[in-house]
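I have placed the structure first, in the form of structure tokens, so that the comments after it can refer back to it.
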Amino acid sequence: MEEGDPDAPSSPVCYAAEADDLYMGYAGRDEILVLLTDLLRREDVVGRDEAVRAVLTEEIRRLGGTPPEPGDLQAAGAVPAADVVLRRLVDLLPRLRDDGLHAVLRRLVDR
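When we follow this note's numbering, the leftmost residue of the sequence shown carries the number 221, and every step to the right adds one.
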């Protein structure tokens, strides 16, 4: 097409929708997996809310991770303090692309 052609695109095609989540500023898979695993291990953060536990467990599996076993929930020294996990969660929320998971995690922060 020639310059001045009315059918010519006004700007180049944008490929942002095809960009990697990390490139676009979203949280990466590994960061999400570590945080979800730490959340499941923090009984004092998640509590006994089986619905939240089920969502976290399913999301870990969906991302290709292995959820912690019930007996492995708070192995000595393996889990950061609750306030550290919650701070990481608050920092992650604005960079979380999945709206459903965002809503579940937001509930944990708002407790």
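Built from N, CA and C at the ideal position, the CB exists for glycine as well.
Keep in mind that this is a model prediction, so the values were computed, not measured.
(request) Would you mind giving the Cβ-Cβ distance between Asp-258 and Val-305, rounded to the nearest angstrom? I have them listed as a contact below 8 Å. (result) 5 Å
(request) Under the assumption that Leu-283 contacts Arg-249 (Cβ atoms under 8 Å), give the Cβ distance between them as a whole number of angstroms. (result) 5 Å
(message) Checking 8 Å against the spacing of the C-beta atoms, do Arg-261 and Val-310 come in under that value?
(response) no
(request) Determine the extent of the alpha helix (DSSP H) in which Asp-240 is found, giving its start and end residues. (result) Looking at the DSSP string, Asp-240 is not in any alpha helix (DSSP H), and its letter there is neither H nor E.
(request) Give me the Cα-Cα distance between Asp-227 and Tyr-235, rounded to the nearest whole angstrom. (result) 21 Å
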